Amino acid sequence: MKPVLVIGGGIAGIQASLDLADRGINVHLVEKTPSIGGVMAQLDKTFPTMDCSICILAPKMIECLRHHNITIHTQSEVIGLQGNVGDFFVKVLEHPRSVDAKKCTGCGLCSEKCPVKRPSDFQAGLGQRKAIYLAFPQAVPLTATIDRDACLWFTKGVCKTCEKICPANAVNYEQIENTIDLNVSSIIVATGFEQYNPKGIGEYGYGRYKNVLTALEFERLVCASGPTSGILNRPSDGGIAHNIAFIQCVGSRTQTNGYSYCSSSCCMYATKEAVLIKEHEPSSHVTIYYMDLRTFGKGFQGFVDRAQSYWGVKYVRGRPGEIIEDPNTKNLTILYENTEVGKVEKDLVDMVILCTAAVPHRDNEKLSSVLDLRLDEFGFFDTKDPITAPIETNMQGIYVCGSCHGPRDIPESVAEASATAAKSAEDEFRFMVNK
Amino acid sequence: MKVAFYPGCTIQTDQIGYEASVRNIMPKLNTELIDMEGASCCGFSPFSSFNEAAWYYSSARNMAIAERMNLPMLTLCNGCHLSFTETKHVLTKDQVMKAKINEKISREGLIYSGCLELIHVFELFHDKLGEDKIKHVVTKPLTGLKFGAHPGCHAIRPSKLIRPDDSENPKKLDEMIQWLGAETMDYPGKIDCCGSSLASTSGKTVMEMAGEKLKNVKNLGLDGLVTTCPFCFKIFDNRQRAIQSVIRDTSIEIPVFYYTQLLGLAIGLKPEILGLDLNQSPIDAVISRIGGL
Numbered sequence: 000m001k002p003v004l005v006i007g008g009g010i011a012g013i014q015a016s017l018d019l020a021d022r023g024i025n026v027h028l029v030e031k032t033p034s035i036g037g038v039m040a041q042l043d044k045t046f047p048t049m050d051c052s053i054c055i056l057a058p059k060m061i062e063c064l065r066h067h068n069i070t071i072h073t074q075s076e077v078i079g080l081q082g083n084v085g086d087f088f089v090k091v092l093e094h095p096r097s098v099d100a101k102k103c104t105g106c107g108l109c110s111e112k113c114p115v116k117r118p119s120d121f122q123a124g125l126g127q128r129k130a131i132y133l134a135f136p137q138a139v140p141l142t143a144t145i146d147r148d149a150c151l152w153f154t155k156g157v158c159k160t161c162e163k164i165c166p167a168n169a170v171n172y173e174q175i176e177n178t179i180d181l182n183v184s185s186i187i188v189a190t191g192f193e194q195y196n197p198k199g200i201g202e203y204g205y206g207r208y209k210n211v212l213t214a215l216e217f218e219r220l221v222c223a224s225g226p227t228s229g230i231l232n233r234p235s236d237g238g239i240a241h242n243i244a245f246i247q248c249v250g251s252r253t254q255t256n257g258y259s260y261c262s263s264s265c266c267m268y269a270t271k272e273a274v275l276i277k278e279h280e281p282s283s284h285v286t287i288y289y290m291d292l293r294t295f296g297k298g299f300q301g302f303v304d305r306a307q308s309y310w311g312v313k314y315v316r317g318r319p320g321e322i323i324e325d326p327n328t329k330n331l332t333i334l335y336e337n338t339e340v341g342k343v344e345k346d347l348v349d350m351v352i353l354c355t356a357a358v359p360h361r362d363n364e365k366l367s368s369v370l371d372l373r374l375d376e377f378g379f380f381d382t383k384d385p386i387t388a389p390i391e392t393n394m395q396g397i398y399v400c401g402s403c404h405g406p407r408d409i410p411e412s413v414a415e416a417s418a419t420a421a422k423s424a425e426d427e428f429r430f431m432v433n434k
Numbered sequence: 000m001k002v003a004f005y006p007g008c009t010i011q012t013d014q015i016g017y018e019a020s021v022r023n024i025m026p027k028l029n030t031e032l033i034d035m036e037g038a039s040c041c042g043f044s045p046f047s048s049f050n051e052a053a054w055y056y057s058s059a060r061n062m063a064i065a066e067r068m069n070l071p072m073l074t075l076c077n078g079c080h081l082s083f084t085e086t087k088h089v090l091t092k093d094q095v096m097k098a099k100i101n102e103k104i105s106r107e108g109l110i111y112s113g114c115l116e117l118i119h120v121f122e123l124f125h126d127k128l129g130e131d132k133i134k135h136v137v138t139k140p141l142t143g144l145k146f147g148a149h150p151g152c153h154a155i156r157p158s159k160l161i162r163p164d165d166s167e168n169p170k171k172l173d174e175m176i177q178w179l180g181a182e183t184m185d186y187p188g189k190i191d192c193c194g195s196s197l198a199s200t201s202g203k204t205v206m207e208m209a210g211e212k213l214k215n216v217k218n219l220g221l222d223g224l225v226t227t228c229p230f231c232f233k234i235f236d237n238r239q240r241a242i243q244s245v246i247r248d249t250s251i252e253i254p255v256f257y258y259t260q261l262l263g264l265a266i267g268l269k270p271e272i273l274g275l276d277l278n279q280s281p282i283d284a285v286i287s288r289i290g291g292l
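Residue numbers (numbering that gives the first Met the number 0), protein chains in the order written: chain A, 0 to 434; chain B, 0 to 292.
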């Protein structure tokens, strides 16, 4: 039997890999960043159950690492494809970590001593990491990596502190990139999405006003493993935010700046984050400015009802037109039309969270040309048929799951991941039986 | 640099201080203003709401005069600049209207082709002359002063037409003021309308809108408000007493300047030739701090 290639190590890629591996099929899991986990690893809680996100995800990540049938390739990307279903030849480029994965114990001493600081991707830019770093505490594999663009040895030829300090002698500046060839029966694409950059909507002042954050930034702020250990210190002065507003549909459902589709998970994650604020401090004021509340999933409406009735989260139907910052206090005034009463109103708040749309990943175009996949009008991967073949693509034997082919929440991504695993397993037996 | 000079009617009938300041600073900046023979109103305010053809005719006719001079056209007023930009935009698409207008203006021997380069005040000072040339002529830097910039709506909106600055975060006027040695600060409502387009229908609303802005400027302790638009200036400067009485707040005493007046002071020109004696807001303290009095 031939292995299956899974591209992308977020929750969808992890679930697909585990399903296949548990059926006895070998899997190569290719992930571009230094650790698997994806966006779900950055989330504080999940809706509608308010489970700890990393507590659900970390066991699955560890299972991937320990599973005999799964080989994880981090800091890697797919650069070439030939062949057909049942007999694909894939080229994978592994970028050098500059740390020997077999020796590194993940003790973190190197990052402690490293003198170079860079914004941390995991903390959505709110916190800092070093030039040699572990992506996050639960990273899989728990191996340090060197950011060669930041490292003093690679940029200026000095330092080498990490090599001297490493008790396991794991640092290896000589590592080079490595191409591996894989022969696989089918491919699952689970490369996920990225966040819309709200700088495109100038009236909300993101990037100019310190106390305007994206929802993913807020997710790190409210998280116990975040830059403030979960205390809601607003960025301008570190004061605790008590009056917080969420703005929905930032970059989605618009005909001007952004995308026309519904981003699908924002009504729910805003409600989740609103409830988190109330759990932290019940006397906080939380307002969600929405266009329509789209609570279509199992248990979703009940979750919103409880946010309103039990926690007292305020929902206002209206799309704010402008945010104005007070230059002295850095408090923010939101101007909006309350369309339930037809009045133009304003509110003064400490902090604004922009619920930004999930948008196609910038690398989709590159990957689609490597794999010969079609993209849809927005830049997501296109599927063969939206109704009867929602996870199949124009290429037989290549499947898509999760938010790489449109915005999705976690339950839907996981369900799709299992579906692609079933399809891949079917290919395995249909095309491989005599080989 | 030579430009066809289009001051516009508001400035020529009402805001002659602005025109004086422009005419007197330009020689220092090696820019020659050539007057446009036979120029008229751009047509924006009198016609745009009820007779589009008359509006496009007025705008295109003036642009045709500048085209005949074979020079780029400098407009001082935000409204005129938008009027010309919009007319250009429309006539590029609407060839029937363009032919109709050309038929009318051909009686005066004019042709509108649409090739004219329009120059807004921001574009002249910020993009064409630029930081180095302006800093080079400044002899009396406005050190220690802090102004609020008021770009005015028509300089930044509608964002779908090409405007001289960003519609949500305009910075050019701020930078131009900073090149004179002063500081600037973003104040709440910086991009809000002065209200002047409502002047003929609801005077009270105008005063309230403008009053809100002046209050914000006052609360931040800024030394004054700077603009380049004659309509905005009329409201904030000429009507400041009226604003005080409508919003019942006599503590609002905000000096208001045209950018070109400040530039003139910074290059050492006398206040008289910059039209500063026509400003009605309390500007004397600022001028003496610059050392102009």
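A virtual CB, placed ideally from N, CA and C, is assigned to each residue, including glycine.
Treat the numbers as computed from the prediction; the structure is a model and nothing was measured.
For this session: With a threshold of 16 other CB atoms inside 10 Å of the CB of E403(A), please say whether the residue is buried or exposed.
Result: Reading off the sequence, residue 403(A) comes out as Cys, not Glu. Looking at its Cβ environment, which holds 16 or more other Cβ atoms inside 10 Å, C403(A) is buried.
Exercise. Taking buried to mean at least 16 other C-beta atoms within 10 Å of its own C-beta, is M0(A) buried or exposed?
Worked result: exposed
For this session: Helix, strand or coil for V21(B), going by three-state DSSP, please let me know.
Result: helix
Exercise. Whose CA, out of E76(A), C103(A), G405(A) and G124(A), lies closest to the CA of T227(A)?
Worked result: G124(A)
Exercise. Tell me the DSSP bridge mates of S185(A)?
Worked result: V3(A)
Problem set entry | Which of helix, strand or coil DSSP assigns to T332(A) | strand
Problem set entry | Status (buried if at least 16 other CB within 10 Å, exposed otherwise) for C103(A) | buried
For this session: Say whether chain B places a C-beta atom closer than 9 angstroms to the C-beta of D325(A).
Result: yes
Problem set entry | Contacts of E440(A) in chain B (Cβ-Cβ under 7 angstroms) | Because chain A here runs from 0 to 434, residue 440(A) falls outside it and cannot be looked at.
Problem set entry | chain B contact for T332(A) (CB, 9 angstroms cutoff) | yes
For this session: Compare the C-beta of M184(B) against all C-beta atoms of chain A and say whether one is closer than 9 angstroms.
Result: yes
Exercise. What is the DSSP secondary structure of H72(A), counted as helix, strand or coil?
Worked result: strand
Problem set entry | Status (buried if at least 16 other CB within 10 Å, exposed otherwise) for V77(A) | buried
Exercise. Taking the alpha-carbon positions, what's the C193(B) to T144(A) distance?
Worked result: 55 angstroms
For this session: Please check if any C-beta of chain A sits within less than 9 angstroms of the C-beta of L219(B).
Result: yes
Problem set entry | Opening and closing residue of the alpha helix (DSSP H) in which V89(B) lies | N77 to K92
Problem set entry | Neighbourhood of Q239(B) by C-beta, 6 angstroms cutoff - its chain only, sequence neighbours within 5 removed | S280
Exercise. Can you tell which of D304(A), V312(A), S262(A) and V89(A) has the C-alpha that lies nearest to the C-alpha of F245(A)?
Worked result: V312(A)
Exercise. Can you name the residues that DSSP bridges to N337(A)?
Worked result: K342(A)
For this session: Please check if any C-beta of chain B sits within less than 9 angstroms of the C-beta of R293(A).
Result: no
Exercise. Contact between the segment 64–76 of chain B and the segment 226–233 of chain B: three or more CB pairs below 8 angstroms?
Worked result: yes
Exercise. What does a CB cutoff of less than 8 angstroms around S185(A) pick up in its chain, not counting 5 residues either side in sequence?
Worked result: V3, L4, V84, G85, F87, G396, I397, Y398, K422, S423, D426 and E427
Exercise. Who are the Cβ neighbours of N25(A) in its own chain at under 6 angstroms, not counting the five residues just before and after it?
Worked result: P2 and N68
Problem set entry | Residue ranges of each alpha helix (DSSP H) within the segment 30–65 of chain B, 4 or longer | 43–46
For this session: State the Cα-Cα distance for the pair A336(A) and I239(A), rounded to the nearest angstrom.
Result: Residue 336(A) is actually Glu in this sequence, not Ala. Roughly 28 angstroms separates the two Cα atoms.
Problem set entry | Same chain only: Cβ atoms within 8 angstroms of M68(B), ignoring 5 sequence neighbours per side | A3, I33 and M35
For this session: Could you spell out the range, first to last residue, of the beta strand (DSSP E) harbouring L123(B)?
Result: L123(B) -> no beta strand (DSSP E), and no H or E assigned at all.
Problem set entry | is_contact[R318(A), chain B] using C-beta, thresh 9 angstroms | no
Exercise. Chain B partners of R361(A), CB-CB under 8 angstroms?
Worked result: Those within 8 angstroms of R361(A) in chain B number zero; the least Cβ separation is about 24 angstroms.
Exercise. Using a Cβ-Cβ distance under 9 angstroms, would R117(A) count as near chain B?
Worked result: no
Exercise. What in chain B is Cβ-close to R207(A), meaning under 7 angstroms?
Worked result: N168
Exercise. Under three-state DSSP, which class holds Q81(A)?
Worked result: strand
For this session: Would you please verify whether the beta carbon of G108(B) is less than 9 angstroms from any beta carbon of chain A?
Result: no
Problem set entry | Inter-residue Cα distance where the pair is E122(B) and M62(B) | 18 angstroms
Exercise. With DSSP run on the structure shown, which of helix, strand or coil describes P226(A)?
Worked result: coil
Problem set entry | Continuous beta strand (DSSP E) stretch holding M350(A): start and end | M350 to T355
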